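Working notes, structure below.
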Amino acid sequence: MSTAHYDLNGSIAVIRLDNPPVNGLGFALRKGIVNGIRKAEADDAVRAVVLIGSDRAFSGGADISEFGTGKATAEPNLNTVVNYVETSRKPVVAAISGACMGGGLELALSCHYRIVKPDAQIALPEVKLGLLPGAGGTQRLPRVIGAEHALNMIVSGSVVPAKQFQGSALFDEIIDGELLDAAIAYANKVVNENRPLKKVRDLKVKHANPEGFFMFAHNTVGAMTKNYPAPLKCVNAVEAAVTRPFDKGMEVEREAFVHLMHTPESRALRHAFFSERLTSKIADVPSDTPVRDIRSVGVIGGGTMGTGISINFLNAGIPVTLVEMKQEGLDRGVAAIRKVYEGRVKKGRMSEDDANAKMALLTPSLSYDDLGNADLVIEAVFEEMGVKQSVFEKLDEVCKQGAILASNTSTLDLNRIASFTKRPQDVIGLHFFSPANIMKLLEVVRGEKTSRDVLATAMKLARTIRKTAVVSGVCDGFIGNRMINQYQREALLMLEEGASVQQIDRAIEKFGFAMGPLRMADLAGGDIGWAIRKRQYEENPDMVKMVVADRLCEMGRYGQKTGAGFYRYEPGNRNALPDPEVDRVVDEVRAELGITPRRISNQEIVERCVYALVNEGAQILDEGIAQRASDIDMVYLTGYGFPVFRGGPMHYAEEVGLLNVVRAMQAFTEDRHTQPGFWEPAALLARRAEEGGGFDDK
């Protein structure tokens with residue numbers, strides 16, 4: 001049970017925070033701190049108090065396991081704890097190492113003195129959850145490091161090493177030696193020298209031109225964070241620290257905190273925060289499932305995807321053997337990897353020695369035989385089943401027993417791919433997103449015979465290479481691409497019905513997507529979507545064809561790679577430029593299909609595109625392809641540019657109200673141009689809408 005341990009060291013009381021792993025300020029720990037202060041005050045033999053955490057963390061802030069429960073706000077809440085410490089009649093010394101963040105930093109700021117290890121990590125990251133510090137952080141931090149530095153930290157939520165604050169009033173001493181001994185010695189020094197009980201709240205914040213500075217801050221922060229209300233509230237609170245008495249500033253902070261707690265943006269950011277932590281929990285794979293050692297990796301394919309995948313493992317210090325069929329392709333792949341590291345060196349993000357060390361881990365090869373000792377092999381070859389078959393049959397021959405064989409397929413049947421081997425239990429899908437060395441998402445596709453230890457290994461490996469891994473079952477397109485097909489399809493249908501290319505993209509981008517669906521298609525390459533559609537037309541002859549998109553591809557307009565797609569592109573410039581030729585094709589297709597163009601509102605564009613995602617997501621969830629709705633949200637937040645401040649498609653639908661989503665979908669069924677049955681609500685969506693619950697409600 002988390003608590004605070006109370007011990008005596010001579011005349012110094014030591015309160016040690018104990019709530020692993022990061023001393024989250026849960027109810028039991030808060031209560032233990034208050035009881036420790038009371039006990040010290042009641043003992044005449046105690047002359048001072050030391051508050052200390054572990055080497056890993058003084059305190060990382062709120063205990064996230066208590067979020068949404070009564071314990072999170074139960075008395076003593078954090079403000080009460082801060083008040084007890086600050087008003088202690090005996091000096092309280094904070095001894096800080098490791099993480100000192102959020103409520104942990106606010107607790108430290110309530111102490112009369114603070115000593116710290118130089119490598120301790122300091123932050124007030126609440127803005128990343130759409131909040132601001134709620135226990136005096138916006139009022140006390142400016143008083144010890146100045147308004148400008150404090151505002152930068154609070155608005156960005158960035159982590160700063162303690163040594164950067166040397167000489168400021170934030171820390172009284174920076175300690176290199178054993179922290180507890182130093183803290184006890186410092187507490188004795190405070191007592192012996194009869195030093196006063198220093199309260200940060202009593203300090204004044206000085207600024208040469210507060211009016212001008214905060215006007216600039218409001219304009220700058222407002223322009224950069226227009227979809228996020230928390231950063232501007234942070235500016236208001238820090239301004240109050242400079243211009244108002246402490247208690248009035250606390251009122252501003254408290255009012256802002258309460259307001260932000262109830263904003264949809266904060267709900268979305270908190271949903272994303274917890275959803276990311278849930279992705280690693282797999283119902284039938286216990287956390288103690290043994291994993292396989294991955295000491296070396298093979299990658300087949302030296303194209304854009306293969307090189308990007310390789311860089312992930314090189315960055316993690318894992319040797320990679322890169323296999324290509326021809327020397328020219330291999331040389332091109334190695335050069336592409338080297339170019340990435342040279343770019344980092346040039347930008348000062350990496351030393352030349354480090355870049356050379358990473359390249360030294362790469363072994364280029366023209367032979368599958370060089371993969372014989374690899375612990376994991378990932379193929380990144382052409383997306384065609386016959387090609388995959390030849391690769392996996394060869395891997396089955398050359399790879400050692402116990403090696404994991406992975407496919408980077410984005411749409412194909414992983415169970416069929418696994419059947420090309422005599423060890424389907426060792427086959428898994430690792431679907432990276434391009435550029436693979438940058439995008440956070442990794443879809444981990446679990447085949448029907450994939451063993452639990454292979455799945456557990458893949459999830460652990462994802463953390464090693466700093467990816468957000470989401471487990472998917474096997475279906476056409478898995479989670480992300482199966483849903484995006486429906487989203488793109490609605491955009492293309494509305495293009496035929498009367499909307500323009502520019503209107504569709506502008507509406508979706510105004511909603512918050514990084515890029516509209518047609519610009520995204522041009523970036524990804526129109527030929528990729530065309531190949532998928534041709535396969536789907538063959539498998540489903542009744543499927544409504546995307547005539548405009550197909551026509552553009554027949555003309556060789558594949559997007560940025562060919563200089564023309566839904567837009568045109570000038571050499572050396574990725575800006576999407578309107579193209580009258582596309583308008584001509586659209587008019588031609590409308591005439592062929594007998595469509596009279598109609599006015600389509602931006603609201604309809606957003607609802608049809610986003611609700612197509614939601615409905616397909618509900619179907620995926622009902623089929624068990626995804627474990628939970630929040631996993632689907634993480635796929636879209638980390639892999640498809642869905643606006644983070646809206647929390648992902650499934651969360652957004654719940655914010656809108658599932659009944660309202662179903663009602664809008666029913667209106668769309670009146671469109672005769674759509675695929676029959678397309679807007680029929682998925683059974684789970686219809687059920688949850690009637691019940692009034694959320695997708696993940698049990």
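In UniProt numbering, the protein residues as written are 1 to 698.
Even glycine gets a Cβ: it sits at the ideal position worked out from N, Cα and C.
None of these values were measured; they are calculated from a predicted model.
Smallest Cα separation from residue i: which of the options?
{"i": "PHE214", "options": "ASP176, ALA240 and ILE52", "result": "ALA240"}
{"i": "PHE27", "options": "ALA48, ASP7 and LEU78", "result": "LEU78"}
{"i": "ARG38", "options": "PRO21, PRO91, LEU25 and GLY70", "result": "PRO91"}
{"i": "ASP181", "options": "GLN666, ARG628 and ILE12", "result": "ILE12"}
{"i": "LEU523", "options": "VAL85, ASP550, GLY167 and GLY563", "result": "GLY563"}
{"i": "SER390", "options": "GLY329, TYR368 and VAL291", "result": "TYR368"}
{"i": "LYS510", "options": "VAL606, GLU448 and GLY103", "result": "VAL606"}
{"i": "GLY624", "options": "ILE309, GLY447 and GLU680", "result": "GLY447"}
{"i": "LEU197", "options": "LYS545, SER110 and ARG244", "result": "SER110"}
{"i": "ARG482", "options": "ASP413, LYS400, ALA418 and GLY516", "result": "ASP413"}
{"i": "ALA147", "options": "LEU685, VAL205, ALA135 and PHE165", "result": "VAL205"}
{"i": "GLY306", "options": "PRO231, PRO435 and GLU538", "result": "PRO435"}
{"i": "SER601", "options": "TYR569, THR464, PRO676 and MET494", "result": "MET494"}
{"i": "GLU592", "options": "LYS545, ILE620, VAL635 and LEU17", "result": "LYS545"}
{"i": "PRO286", "options": "ALA74, MET101 and SER451", "result": "SER451"}
{"i": "VAL291", "options": "VAL85, ALA462 and GLU554", "result": "ALA462"}
{"i": "VAL155", "options": "GLY222, ALA135 and ASN192", "result": "GLY222"}
{"i": "LEU371", "options": "GLU384, MET359 and LYS400", "result": "LYS400"}
Following the continuous alpha helix (DSSP H) through residue i, name the residue where it begins and the one where it ends.
{"i": "GLY222", "result": "210-224"}
{"i": "TYR84", "result": "78-86"}
{"i": "VAL238", "result": "230-243"}
{"i": "ILE311", "result": "304-315"}
{"i": "HIS271", "result": "264-278"}
{"i": "LEU523", "result": "517-524"}
{"i": "THR464", "result": "452-464"}
{"i": "VAL635", "result": "629-639"}
{"i": "ILE484", "result": "480-497"}
{"i": "HIS149", "result": "147-156"}
{"i": "ASN615", "result": "602-623"}
At which residues does the beta strand (DSSP E) containing residue i begin and terminate?
{"i": "PHE432", "result": "427-432"}
{"i": "HIS651", "result": "HIS651 -> not in any beta strand (DSSP E); alpha helix (DSSP H) instead, spanning 649-656."}
{"i": "ARG16", "result": "12-18"}
{"i": "ARG114", "result": "113-116"}
{"i": "CYS100", "result": "99-101"}
{"i": "SER59", "result": "57-59"}
{"i": "ALA123", "result": "121-123"}
Taking its Cβ as the centre, do 16 or more other Cβ atoms sit within 10 Å of residue i, making it buried, or is it exposed?
{"i": "LEU362", "result": "buried"}
{"i": "ASP375", "result": "buried"}
{"i": "GLN327", "result": "exposed"}
{"i": "ILE632", "result": "buried"}
{"i": "ASP505", "result": "buried"}
{"i": "HIS271", "result": "buried"}
{"i": "VAL387", "result": "exposed"}
{"i": "LYS128", "result": "buried"}
{"i": "GLY466", "result": "The amino acid occupying residue 466 in the given sequence is Arg; Gly does not appear at that position. So ARG466 counts as exposed."}
{"i": "PHE478", "result": "buried"}
{"i": "GLU690", "result": "exposed"}
{"i": "ALA74", "result": "exposed"}
{"i": "LEU107", "result": "buried"}
Report, in whole angstroms, the separation of the C-beta atoms of residue i and residue j, which I expect to be a contact under 8 Å.
{"i": "MET261", "j": "LEU131", "result": "7 Å"}
{"i": "ALA268", "j": "VAL661", "result": "At roughly 16 Å, the Cβ-Cβ gap does not stay under 8 Å, so ALA268 and VAL661 are not in contact."}
{"i": "ALA283", "j": "ALA256", "result": "Actually they do not touch by this definition, with Cβ atoms about 39 Å apart."}
{"i": "ASN408", "j": "PHE432", "result": "6 Å"}
{"i": "ALA629", "j": "ASP696", "result": "5 Å"}
{"i": "GLU41", "j": "SER88", "result": "7 Å"}
{"i": "THR411", "j": "ILE532", "result": "6 Å"}
{"i": "LEU621", "j": "GLN486", "result": "Not confirmed; about 14 Å, so no contact."}
{"i": "LEU151", "j": "ALA217", "result": "6 Å"}
Given the structure, does residue i come close to the ligand GDP, in the sense that its CB is under 6 Å from one of the ligand's heavy atoms?
{"i": "GLY692", "result": "For the structure depicted, the ligand GDP is absent and the ligand set is empty, with no information on it obtainable."}
> Do the stretch 109-120 and the stretch 215-234 touch if we need at least three Cβ pairs shorter than 8 Å?
Replying inline: no
> Does the stretch 646-662 touch the stretch 579-588, meaning 3 or more C-beta pairs lie closer than 8 Å?
Replying inline: As far as the Cβ criterion goes, the stretch 579-588 does not touch the stretch 646-662, which means the pair count is below three.
>> Any contact between the stretch 460-480 and the stretch 564-578? By contact I mean 3 or more CB pairs, one from each, below 8 Å.
In response: no
>> Would you call the stretch 454-464 in contact with the stretch 417-429, where contact means no fewer than 3 C-beta pairs closer than 8 Å?
In response: yes
> Counting Cβ pairs, one atom from each stretch, are 3 or more of them under 8 Å apart for the stretch 139-148 and the stretch 191-206?
Replying inline: By the criterion of at least three beta-carbon pairs nearer than 8 Å, the stretch 139-148 is in contact with the stretch 191-206.
>> Pairs of beta-carbons, one from the stretch 497-514 and one from the stretch 525-534, closer than 8 Å: are there three or more?
In response: no
>> Would you call the stretch 330-337 in contact with the stretch 403-422, where contact means no fewer than 3 C-beta pairs closer than 8 Å?
In response: no
> Just checking, does the stretch 291-308 make contact with the stretch 416-425 on the three C-beta pairs under 8 Å criterion?
Replying inline: no
>> Does the structure place the stretch 93-102 close enough to the stretch 42-57 that three or more beta carbon pairs sit under 8 Å?
In response: yes
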